[in-house]
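Numbering (the working numbering), first residue to last: 359 to 592.
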Ligand code: ATP
């Protein structure tokens with residue numbers, strides 16, 4: 359498999375506070391990579407760097423070998439990168455369907471459209487005319503994922519799907535992932551829930567304080583070593 363995404367030795371800072379230290383992440387076309395780590399490990403910063411919301415001080419981000427340096431966030435959607443952000447960030451005064459259509463603004467040709475998203479998440483279809491403010495957390499998360507899919511991304515960035523949701527709801531949301539990857543979409547998911555990450559990903563990469571501390575295939579990773587790496591225990 360060739361690399362679709364290469365994050366190459368990026369340093370990212372917020373003012374004086376450095377969040378990523380020479381971090382490299384590679385995602386092959388068609389694979390699902392889960393980046394895991396505790397609060398503050400730098401997972402969201404990684405996704406924001408790929409999406410173009412924050413700029414690295416050093417290093418480069420490449421899609422299909424082409425540098426995205428200088429490509430603003432809204433243009434990256436057209437290149438095939440769409441993100442479901444932490445906190446979902448729906449427009450509460452718009453309906454569910456209107457929120458989904460926001461994601462279609464810079465859409466590429468591809469399989470995802472309203473009917474496909476509704477087939478993926480039937481509950482979202484039932485709520486299509488409701489205001490997004492009146493949804494449960496799980497329903498909001500499904501709409502946020504659907505909105506990202508509406509752009510027909512080559513690379514889907516999912517930030518903390520599990521945040522604040524009951525385990526059964528998280529499992530329902532992640533159950534949609536195989537149908538998404540079956541369309542050829544590559545997925546980079548960041549997740550605090552190690553168990554879920556191992557269940558859905560081909561590969562996992564664990565961050566601690568902005569650096570990689572462990573990585574490997576999800577079905578062969580040493581879970582004791584992973585727990586130790588996650589908490590920074592030597
Ligand atoms: P969480 O699960 O809590 O979102 P995370 O692994 O996604 O954690 P980041 O949100 O990427 O971690 O944060 C990495 C580091 O950067 C943390 O030390 C955090 O305090 C800092 N940071 C993140 N966003 C900002 C910001 N806007 N301004 C200043 N510091 C920030």
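The beta carbon of each residue, even a glycine, is placed where N, CA and C say it ideally should be. This one's a predicted model, so the numbers in the text were calculated from it and none came from an experiment.
- Restricting attention to 525, 526, 534 and 524, the CA atom closest to the CA of residue 516 is found in 534.
- Residue ranges of uninterrupted beta strand (DSSP E) with 3 or more members, entirely inside the segment 504-590 and ordered along the chain, are 513-517, 544-549, 561-566 and 569-575.
- With a beta-carbon spacing of about 19 Å, residue 435 and residue 403 fall beyond the 8 Å limit used to define contacts.
- Counting only runs of 4+ residues, the alpha helix (DSSP H) found wholly inside the segment 363-451 occupies 401-409 and 431-437, in chain order.
- In the assembly as shown, residue 536 is an exposed residue. Its beta-carbon has fewer than 16 other beta-carbons within 10 Å.
- Inclusion of residue 503 and residue 442 in the CB contact set at 9 Å is warranted, their separation being smaller than that value.
- Between residue 547 and residue 519 a beta carbon distance of about 7 Å is seen, short of the 8 Å cut, so the two are scored as contacting.
- Rounded to the nearest whole angstrom, the C-alpha separation of residue 431 and residue 589 is 32 Å.
- Here the segment 462-471 makes no contact with the segment 443-453; the two share fewer than three CB pairs at distances below 8 Å.
- Following the DSSP letters along the chain, one finds residue 457 inside the alpha helix (DSSP H) bounded by residues 454-460.
- Look at residue 361 here: in three-state DSSP terms it is strand.
- Taking the Cβ of residue 518 as the reference point, at least one heavy atom of ligand 1 falls within a distance shorter than 8 Å.
- The beta carbons of residue 367 and residue 382 sit about 5 Å from each other, so the pair counts as a contact at 8 Å.
- Around the beta carbon of residue 438, a 10 Å sphere encloses 16 or more other beta carbons of the protein chains shown; the residue is thus reported as buried.
- Cα atoms of residue 568 and residue 419: separation of roughly 16 Å, rounded to the nearest angstrom.
- Straight-line spacing of the CA atoms in residue 363 and residue 511 works out to 13 Å.
- The beta carbon of residue 485 sits closer than 7 Å to those of 454, 493 and 497, all from its chain and outside the five residues before and after it, given in chain order.
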